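Student:
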Amino acid sequence: MAQQNNTAFLREWAPLSDLFDKLPAKTGGLFSQDIKLTCIDALSEFLVIGTNVGTVYWYNRKRKDLQRLRCENSNSPITFIKAVSTVDYMVASGNQSGNISIFQIPKSHPDSLPDALKPQQKQVERYTVTDLHKCPITALEWSKNGMKLFSGDKTGIIVLTELDFYMHVCKSIEILNESYEVVQLSYRQQHLMVSTTFRSIICQHLDKWKVCQVGKKDRKVLGKFGGLIYQRGFKPNDVVLYCMRPGLRIWIADVEGEVQKTLLFKDLLCKDCAQIPILNPLSKTLQQLKPQKEASFGVVQQFCDNLLITYSNDVVYILDPANMSILATVNNLRSILGIATYKDELFILEEERSLLRISYHPEDSILGEMVDVNLDSIVISNAEEAQEIVKDEPKTFDEISKQEFDDSILFKNTRKLKKKIYSNSKAFSRETNNEVDLSYTRPTLMNLSAVGVLPDLRSPESIVNDIENKEKILSDVLNLEKLTIRPPQDEQLEVKDSIKSDILLCPVPEIESRIIGSGKEWVPKTITQIVTVPNDWNIASLQTSSESDSDRKSHASSSSIPITRKNRHSSSANDSSLSDWEIV
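Residue numbers (our numbering): 1 to 584.
(1) So E174 is in the alpha helix (DSSP H); what residue range does that whole segment cover?
(2) Check the DSSP bridge columns for R70 and list the partner residues they point to.
(3) Can you tell me which of the three DSSP states T27 falls into?
(4) Spatial neighbours of K171 within its chain, please: CB distance less than 6 Å, with the 5 preceding and 5 following residues excluded, ordered by chain position.
(5) Alpha carbon to alpha carbon, how far is N75 from L30? Give it in angstroms, no decimals.
(6) If you follow the alpha helix (DSSP H) that L355 is in, where does it begin and where does it stop?
(7) CB P77 to CB N99, shorter than 8 Å?
(8) Below 8 Å on the Cβ atoms is my contact criterion, and I expect L263 with I326 to pass it. Report the Cβ-Cβ distance as a whole number of Å.
(9) With DSSP as the reference, identify every bridge partner of D153, one or two as the case may be.
(10) In this structure, how does DSSP classify N95 when only helix, strand and coil are distinguished?
(11) What is the C-beta distance between I229 and M193, in whole angstroms, given that I count them as a contact (C-beta under 8 Å)?
(12) So, is K144 buried or exposed, given that buried needs 16 or more other C-beta atoms within 10 angstroms?
(13) Where DSSP assigns a beta bridge to A340, which residues make up the other side?
(14) Is K82 helix, strand or coil by DSSP?
(15) Excluding the 5 residues preceding and the 5 following S408 in the sequence, name in chain order all residues of the same chain whose CB lies nearer than 6 Å to its CB.
(16) On a CA-only basis, which of Y127, R70, F225, T329 is nearest E12? Give me that one, please.
(17) Would you grab the beta carbon distance between I309 and T7 for me? Rounded to a whole angstrom, and I think it's under 8 Å.
(18) Is it right to say V87 is buried, meaning 16 or more other beta carbons lie within 10 angstroms of its own, or is it exposed?
(19) To the nearest angstrom, report how far apart R70 and V56 are at their CA atoms.
(20) Only counting the same chain, and skipping five residues up and downstream in sequence, which positions put a Cβ closer than 7 Å to that of L282?
(21) Taking DSSP as the reference, what is the three-state secondary structure of L102?
(22) Between I175 and F225, what straight-line distance do the alpha-carbon atoms span, to the nearest angstrom?
(23) Check for me: the beta strand (DSSP E) holding V300 runs from which residue to which?
(24) Could you pull the start and end residues of the alpha helix (DSSP H) that D476 belongs to?
(25) Nearest by alpha-carbon distance to I252: which of I318, F80, I158, I202 is it?
(26) In the structure shown, what three-state DSSP assignment does T7 receive?
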């Protein structure tokens, strides 16, 4: 006790940097949001942290492991959190919407236990309490065995939730309605203490809930004054109530609500109190800018075995109710969002991303393993004597720095090369031809793909005939006029001579050849007709006559049979090939 009461060793030893390294700064997803800490609670090996994004973080202080517990309504900020260690770890979190999420976290088995004896590891279970609280949760309190949970909200409604671990169910019922905001709940020895902004009451459940007000005098002002059930000894009757009052006063009452003693700390606060040093205090300039508020006591919690810790505004007080003294204060804080205590450890949530740990000793993980530094008592007489010599510093860099170098040597070639690049292109090309080590870039050969291009296996004549037939069909469909392609002058004369020779060879002297004239001369159109057809159908004995279109109309007779040449280049009447003639 003497060591605990000695506040000279009470300090902030180290920042919780490992915790904040693992805590994410923002949420993931499309609409990211800054993660801010809203409330905290502490156990022997764990820290439970509530955030503004509806997520609870479960931090293992020994293993440096951080886990995330997702609540039912993840969009509502966590307003209060409470944890207890029983057969399993029970964590309750209340949010701004009035919903309560209860997590049952199984404990890990010791490593010394054989694997054959280890039971099967259970999973984390979650229970949700809804529709009873319609406003933000302001207080939570567990029973010692973790089977009962009391919750209070901003409108003064107190709800009891009972859990059945075997049936995996929970039931909730409203037990009280104080009509004022619940500041703090405390449960011990079947007694529930409820502190609101208006008064403090003590409740006991027999057949029904019995309610007694602590003290007979009402408060003159509404305020967030807490209360605590404190057990002095091991007997059930060794229970007292600490009730915070305005004016830095504390009532000490029994379980019936009767005030036995009043502790006055106003005069003690005027004296100089020891201040607990912290690593990052608020600067004096900012302290002067902060508005000065009246000192008061608020929520109260037990610290060590016989001390109390309470806070208000930005000051934390460590009180000794037995000796009625203020042992120390924690000043120079920016703000206080909440506090948590476990035995001799105090955690202060200073800001949205600032958490302080104050204790008589640093954390075990910081100390590490203990090393035995005891010296051996046996004296070794033959041991060599160790002597410390002067460190031989290398002088290489000093010698190099003393040497004189010409700066122009390092940049001479580069400067000349740059001048030649921009001034004389011929000199540059001449110099590059003399270089030996060059980097060549060769063009990439692009081969044409033959997919879809297949050779035509037909003969050229059949291809030409096919094209001509398609042209005729196209001209008939489009009603196009017949066009004649005129050969050059030399070829035209040769064609005329060949036609004349064919006509002369014909036995009928009266056949006139059709000569294609030039564009300027107009040549009358002639039609060849059969005059006499022999009985033996010998083509050489055919008698034909050629006349103009006008003459044909005047001499037309039914006995004449017109003959049309299929090939205009073959004008001979005695051609042995019948394919050149067509009888119409």
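Quick reminder that beta carbons are idealized off the backbone N, C-alpha and C, glycines included.
In this text the structure is predicted, and so the values were computed from the model without any measurement.
Tutor: Inspection of the coordinates gives the following:
(1) Per DSSP, E174 lies in no alpha helix (DSSP H) segment; the continuous beta strand (DSSP E) that holds it begins and ends at 169-177.
(2) Among the bridge pairs identified by DSSP, R70 is matched with T55.
(3) T27 carries a coil assignment under DSSP once its states are collapsed to helix, strand and coil.
(4) E162.
(5) A direct Cα-to-Cα measurement between L30 and N75 gives close to 14 Å.
(6) Element bounds for L355: not the alpha helix (DSSP H) but the beta strand (DSSP E), 354-359.
(7) When the beta-carbon positions are compared, P77 and N99 stay at least 8 Å from each other.
(8) Cβ atoms of L263 and I326 stay farther apart than 8 Å, at about 11 Å.
(9) Listed as beta-bridge partners of D153 by DSSP are I137.
(10) Strand at N95.
(11) Rounded, the Cβ-Cβ distance is 5 Å, consistent with contact.
(12) Looking at its Cβ environment, which holds fewer than 16 other Cβ atoms inside 10 Å, K144 is exposed.
(13) For A340, which the question treats as bridged, DSSP gives the partners F347.
(14) Correct three-state label for K82: strand.
(15) Bear in mind that a pLDDT of 49 at S408, under 50, signals an unreliable position, so the number given afterwards is only what the model happens to contain. Same-chain partners within the cutoff: there are none.
(16) Of the candidates Y127, R70, F225, T329, the one whose C-alpha sits nearest the C-alpha of E12 is T329.
(17) That belief does not hold up - the Cβ atoms of I309 and T7 are roughly 12 Å apart, past 8 Å.
(18) By the neighbour-count definition (other C-beta atoms within 10 Å, threshold 16), V87 is an exposed residue.
(19) In a straight line, the C-alpha of R70 is about 6 Å away from that of V56.
(20) Correct list, in chain order: N332, L333, R334.
(21) Going by the sequence as given, residue 102 is Ile instead of Leu. Under the three-state reduction of DSSP output, I102 falls in the strand class.
(22) Using only the alpha carbons, I get a separation of about 22 Å.
(23) Secondary structure note for V300: its beta strand (DSSP E) is the uninterrupted segment 300-303.
(24) Unbroken alpha helix (DSSP H) run through D476: 460-478.
(25) Among I318, F80, I158, I202, the Cα nearest to that of I252 is on I202.
(26) T7 falls in the helix class under three-state DSSP.
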